[in-house]
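Student:
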Ligand code: SF4
């Protein structure tokens, strides 16, 4: 059947397929980001943090008004 | 994984070890919350107190003004974004512990210390300790803030703060959320709390074209001020100038500033001001009783002052503020 189609129609159908694929991708990414727990991505190298602070000459001091959550 | 919660401002950041809060200057390290800016301001200036603006506090005196990097607000129009939206590693910082701030203030013959430019809430401990020492030397403490703070730290701080200018940026939650990624309700609560706890409060409302310049918004804001904290709380309307992320907007037309000034007066506010329009009548203070000119200002400069012992020189009406 494709051999009877005009060239423009073929391109149009190709664009539709690409658009549909993109849409599916975006929806899937959103679902994954909602389902995954937010803390998963956090992994901080504390030694590196301390090193960077001392390189910048920053001296820390205990703050007021905070509590341990867990 | 241990998590601690910062309870200083309404963001209540939950932080794992090594993580910083939204303000960039408070860090969970070694199981504790640490401040990164104590004694290290990145901005130190002597300003006329009128620049804060505080028009009812020791007119024509200098305010020793300090700020550190960081902020817990993220306003699209921030005029100090070079320091407020940066961590302390990216600013040039001075070594100025609280006792030296006080010593420098006295040396410069200033009558007050202003915690300003970025939001001083995020350098709370530095401000608190400096303010305590300042009071022992009869200096006033001025907090220039957006008021986005939890009640408990604010109540602890109030006895050490004499005057505050709170930026009441708008009067809708939508505005606060879209313009500053923040909330209105805690700010209103902070204004009330300061007032109830003996802090002299003045308010600033920056009027931005198309964002918060409608007659309805301005009137609602004025009504809130009058009904909640009273008609004697000075309200400074400030003219917007394009900057930071809002360079696409024009400056606020002077007519809009005048509209706001007239609305405030018609709603019964005793002290409404027009800022960033030098030479405008709205720079000056008028007696709420006889309407006479009391303090004539052009920008930050004072040309005449007819407030004597906290009263109108002509009709003796009390003009609220800190005058001596
Ligand atoms: S002060 Fe900073 S760390 Fe604390 S809650 Fe506010 S933004 Fe978060």
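Chains as they are written, first to last, in this note's numbering: chain P, 1 to 70; chain S, 1001 to 1324. Every residue gets a Cβ at the ideal spot worked out from N, C-alpha and C, and that includes glycine. Keep in mind that this is a model prediction, so the values were computed, not measured.
Is any beta-carbon of chain S found at less than 8 Å from that of residue 20(P)?
Tutor: Sequence index remark: in the first chain, residue 20(P) carries index 20 (1-based). It does not; no Cβ of chain S falls within 8 Å.
Student: Can you tell me which residues form a DSSP beta bridge with residue 1048(S)?
Tutor: Numbered from 1 along the second chain, position 48 holds the residue referred to as residue 1048(S). Per DSSP, 1062(S).
Student: Once you ignore the five residues that flank residue 1033(S) on each side, which residues in its own chain have a CB closer than 8 Å to its CB?
Tutor: Here the question's residue 1033(S) lines up with position 33 in the second chain. Taken in chain order, the residues that qualify are 1004, 1006, 1015, 1026 and 1027.
Student: Per DSSP, which residues does residue 51(P) bridge with? Please list them.
Tutor: Numbered from its first residue, the first chain carries residue 51(P) at position 51. Answer is none; residue 51(P) lacks a bridge partner.
Student: Under a Cβ-count criterion, where at least 16 other Cβ atoms within 10 Å of its own Cβ denotes burial, should residue 1310(S) be classed as buried or exposed?
Tutor: Here residue 1310(S) corresponds to residue number 310 of the second chain, with the count starting at 1. Residue 1310(S) should be labelled exposed.
Student: Please classify residue 1092(S): does DSSP put it in a helix, a strand, or coil?
Tutor: Counted from its first residue, the second chain places residue 1092(S) at position 92. In this structure, residue 1092(S) counts as coil in the three-state DSSP scheme.
Student: Following the continuous alpha helix (DSSP H) through residue 15(P), name the residue where it begins and the one where it ends.
Tutor: Start at 1 with the first residue of the first chain, and residue 15(P) comes out as number 15. Looking at the DSSP string, the run of the alpha helix (DSSP H) that includes residue 15(P) is 7-35.
Student: Distance, Cα to Cα, residue 1116(S) vs residue 48(P)?
Tutor: Taking the second chain and counting its residues from 1, the one referred to as residue 1116(S) is at position 116. Taking the first chain and counting its residues from 1, the one referred to as residue 48(P) is at position 48. Taking the straight line joining both Cα atoms gives about 32 Å.
Student: Under 8 Å, Cβ to Cβ, is there at least one residue of chain P near residue 1186(S)?
Tutor: By one-based count along the second chain, residue 1186(S) stands at place 186. Closer than 8 Å: no.
Student: According to DSSP, is residue 1133(S) helix, strand or coil?
Tutor: Locating residue 1133(S) in the second chain gives position 133, counting from the first residue. It is helical.
Student: Does the stretch 1223-1242 of chain S come within contact of the stretch 1198-1209 of chain S, defined as at least 3 CB pairs closer than 8 Å?
Tutor: In short, these stretches touch, since the Cβ pair count reaches three.
Student: Would you decide whether residue 1278(S) is buried or exposed? Buried here means 16 or more other CB atoms lie within 10 Å of its CB.
Tutor: Against the second chain, residue 1278(S) aligns to sequence position 278. Answer is exposed; the Cβ neighbour count stays below 16.
Student: Could you say which of 1036(S), 1063(S), 1312(S) and 1056(S) lies nearest to residue 1047(S) if we only look at CA atoms?
Tutor: Here the question's residue 1047(S) lines up with position 47 in the second chain. Among 1036(S), 1063(S), 1312(S) and 1056(S), the Cα nearest to that of residue 1047(S) is on 1063(S).
Student: Output yes or no for whether 8 Å exceeds the beta carbon distance between residue 1121(S) and residue 1145(S).
Tutor: Numbered from its first residue, the second chain carries residue 1121(S) at position 121. Numbered from its first residue, the second chain carries residue 1145(S) at position 145. Cβ atoms of residue 1121(S) and residue 1145(S): closer than 8 Å.
Student: Short check: CB of residue 1139(S) to CB of residue 1111(S), under 8 Å?
Tutor: One-based indexing of the second chain puts residue 1139(S) at position 139. One-based indexing of the second chain puts residue 1111(S) at position 111. In this structure, residue 1111(S) lies closer than 8 Å to residue 1139(S) by Cβ.
Student: Report the three-state DSSP secondary structure of residue 1267(S) (helix, strand or coil).
Tutor: Walking along the second chain from the start, residue 1267(S) turns up at place 267. DSSP places residue 1267(S) in coil when its eight states are reduced to three.
Student: Taking DSSP as the reference, what is the three-state secondary structure of residue 1311(S)?
Tutor: Position 311 of the second chain, counted from the start, is the residue given in the question as residue 1311(S). Residue 1311(S) falls in the strand class under three-state DSSP.
Student: I'd like the list of long-range same chain contacts for residue 1186(S), defined as Cβ closer than 7 Å, with 5 residues on each side in sequence excluded.
Tutor: Residue numbering aside, residue 1186(S) sits at position 186 when the second chain is read from its first letter. Taken in chain order, the residues that qualify are 1010 and 1148.
Student: How many Å lie between residue 1065(S) and residue 1290(S) at the Cα?
Tutor: On the second chain, residue 1065(S) is found 65 positions in, with the first residue counted as 1. On the second chain, residue 1290(S) is found 290 positions in, with the first residue counted as 1. Going by the C-alpha atoms only, they are around 35 Å apart.
Student: Please tell me whether residue 1124(S) has its Cβ less than 8 Å away from any Cβ of chain P.
Tutor: Position 124 of the second chain, counted from the first residue, corresponds to residue 1124(S). By this cut-off, residue 1124(S) is an interface position.
Student: Among all the DSSP beta bridges, which residues are the ones paired with residue 1210(S)?
Tutor: Sequence index remark: in the second chain, residue 1210(S) carries index 210 (1-based). Residue 1210(S) is not bridged to any residue.
Student: What first and last residue would you give for the alpha helix (DSSP H) that runs through residue 1177(S)?
Tutor: By one-based count along the second chain, residue 1177(S) stands at place 177. Residues 1173-1180.
Student: Report the rounded CA-to-CA distance for residue 1292(S) versus residue 1312(S), giving the unit in angstroms.
Tutor: Counting from one through the second chain, the residue named residue 1292(S) turns up at place 292. Counting from one through the second chain, the residue named residue 1312(S) turns up at place 312. The alpha-carbon atoms of residue 1292(S) and residue 1312(S) are separated by roughly 9 Å.
Student: In the DSSP assignment, find the unbroken alpha helix (DSSP H) run with residue 74(P) in it and report its ends.
Tutor: Coverage of chain P is limited to positions 1 through 70, which leaves residue 74(P) absent and any answer about it impossible.
Student: Give me the Cα-Cα distance between residue 1295(S) and residue 61(P), rounded to the nearest whole angstrom.
Tutor: The sequence position of residue 1295(S) within the second chain is 295, counting from 1. The sequence position of residue 61(P) within the first chain is 61, counting from 1. Approximately 44 Å between the Cα atoms of the pair.
Student: Between residue 1268(S) and chain P, is the shortest Cβ-Cβ distance under 8 Å, so that the two count as touching?
Tutor: Locating residue 1268(S) in the second chain gives position 268, where the first residue counts as 1. Chain P contact via Cβ: absent.
Student: Quick check on this structure: which residue in 1161(S), 1156(S) and 1184(S) has the alpha carbon closest to the alpha carbon of residue 1167(S)?
Tutor: Start at 1 with the first residue of the second chain, and residue 1167(S) comes out as number 167. Looking at the Cα atoms, 1184(S) is the closest of the given residues.
Student: Please classify residue 5(P) as buried or exposed, where buried requires at least 16 other C-beta atoms within 10 Å of its C-beta.
Tutor: What you label residue 5(P) is simply residue 5 of the first chain in a count that begins at 1. Under this definition residue 5(P) is an exposed residue.
Student: Where residue 1133(S) and residue 1094(S) are concerned, what is the direct C-alpha to C-alpha distance, given to the nearest angstrom?
Tutor: Counting from one through the second chain, the residue named residue 1133(S) turns up at place 133. Counting from one through the second chain, the residue named residue 1094(S) turns up at place 94. If I take the Cα positions, the gap works out to 19 Å.
Student: Just verifying my parser: in three-state terms, what is the DSSP assignment at residue 1236(S)?
Tutor: Indexing the second chain from 1 puts residue 1236(S) at position 236. Residue state, collapsed to three classes: strand.
Student: How about residue 1044(S) and residue 1123(S): do their beta carbons lie closer than 8 Å?
Tutor: Walking along the second chain from the start, residue 1044(S) turns up at place 44. Walking along the second chain from the start, residue 1123(S) turns up at place 123. Contact: no.
Student: By a C-beta neighbour count over all protein chains shown, 10 Å radius and 16 as the cutoff for buried, is residue 1228(S) buried or exposed?
Tutor: Position 228 of the second chain, counting from 1, holds the residue named residue 1228(S). Classification for residue 1228(S): exposed.
Student: Locate the alpha helix (DSSP H) running through residue 1005(S), then write down its first and last residues.
Tutor: As a position in the second chain, residue 1005(S) is number 5, starting the count at 1. From DSSP, residue 1005(S) is part of no alpha helix (DSSP H) but of the beta strand (DSSP E) over 1003-1006.
Student: When you compare the CB positions of residue 1251(S) and residue 1239(S), do they come within less than 8 Å of one another, or not?
Tutor: Counted from its first residue, the second chain places residue 1251(S) at position 251. Counted from its first residue, the second chain places residue 1239(S) at position 239. Yes, the pair counts as a contact, with Cβ atoms nearer than the cut-off.
Student: Using only the alpha-carbon positions, how far apart do residue 1072(S) and residue 9(P) sit?
Tutor: Within the second chain, the letter at position 72 stands for residue 1072(S). Within the first chain, the letter at position 9 stands for residue 9(P). Each residue's alpha carbon lies about 55 Å from the other.
Student: Kindly indicate if chain P contains any beta-carbon less than 8 Å away from that of residue 1006(S).
Tutor: Within the second chain, the letter at position 6 stands for residue 1006(S). It does; some Cβ of chain P falls within 8 Å.
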